[in-house]
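So the structure is just underneath, and the comments pick up after that.
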Amino acid sequence: MNTGTLSEIKAIGRLSMGSFEWLSEEEIKKQKRQLRNRAIFTTLICLVVILGVVLYSIFHYSEKIASKVCVNQLEFKENQPNGNLELLMFRRNCGATTGFSFQLSIIKKGTNLSNSAVGNIFISEREFKAQWIDNKTVKVIGKLNAESKKKNYHKGIKIIYNTA
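Following my numbering, the numbering of the sequence shown begins with 36 at its first residue and continues without gaps.
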């Protein structure tokens with residue numbers, strides 16, 4: 036019977052064919068390496084899954100979070116002549132750190148302006164005016180040098196800009 040200390044006793048072995056065999060130093064090192072590699076791989080997989088869930092949540096819920104922070108105030112609404120669209124000009128305020136902007140959207144008649152809505156035609160830091168010229172043309176009038184979004188067409192409707 037071996038009476039050595041715990042560090043001297045090799046407690047790693049395997050059972051084969053009904054008898055217990057001690058593992059060699061090389062086999063012990065190999066098993067430790069395999070165990071370490073499995074632990075690293077499992078940890079990396081868990082981190083990738085957690086990161087994926089976090090990123091998905093950020094992108095999925097960011098609009099809902101932003102809609103609770105931002106407030107849209109309708110400034111002007113005009114129906115499309117002989118059509119089923121509306122021209123909306125609204126002021127969007129997203130809190131003290133961002134200030135507000137003036138935005139223009141063309142939406143279906145009767146659609147409510149939600150706080151998550153962002154201008155789909157024109158966004159500017161300065162106030163402007165907009166009007167239907169005919170069924171297929173919208174005119175935007177104002178100082179337009181501070182715009183952050185400016186479209187020339189939207190769903191077959193031409194947008195023209197006149198500087199004041």
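Using N, Cα and C, we set each Cβ at its ideal position, and we do this for glycine too. It should be emphasised that the depicted structure is a prediction, and the values quoted were computed from it without experimental measurement.
Closest Cα partner of residue i within the set the options
i    : options                : result
K186 : G118, F163, I176, F157 : F157
I168 : H189, I194, S183, S151 : I194
V153 : S183, K65, A165, Y96   : S183
T172 : K164, N155, G191       : G191
R127 : N150, F111, N170       : N150
F111 : A165, F76, Y96         : A165
T198 : H189, L179, G87        : L179
G177 : T77, L70, Y196         : Y196
T107 : T77, S140, H95         : Going by the sequence as given, residue 107 is Asn instead of Thr. Closest by alpha carbon: S140.
Buried versus exposed, by CB contacts within 10 Å (16 or more), residue i
i    : result
G130 : exposed
N72  : exposed
A74  : exposed
F125 : buried
V104 : exposed
I80  : exposed
L123 : buried
F163 : buried
N114 : exposed
S92  : exposed
I85  : exposed
N170 : exposed
S97  : exposed
V89  : exposed
S59  : exposed
V175 : buried
DSSP beta-bridge partners of residue i
i    : result
K193 : T172, Y188
V153 : None; V153 has no bridge partner.
N128 : V106, F135
S59  : S59 is not bridged to any residue.
G177 : T198
L123 : K112, S140
Q166 : K174
Cβ contact check for the region 131-141 and the region 152-167: 3 or more pairs under 8 Å: yes
Cβ contact (3+ pairs, closer than 8 Å) linking the region 115-122 and the region 139-147: yes
Segments assigned beta strand (DSSP E), at least 3 residues, entirely inside the region 75-120: 106-114
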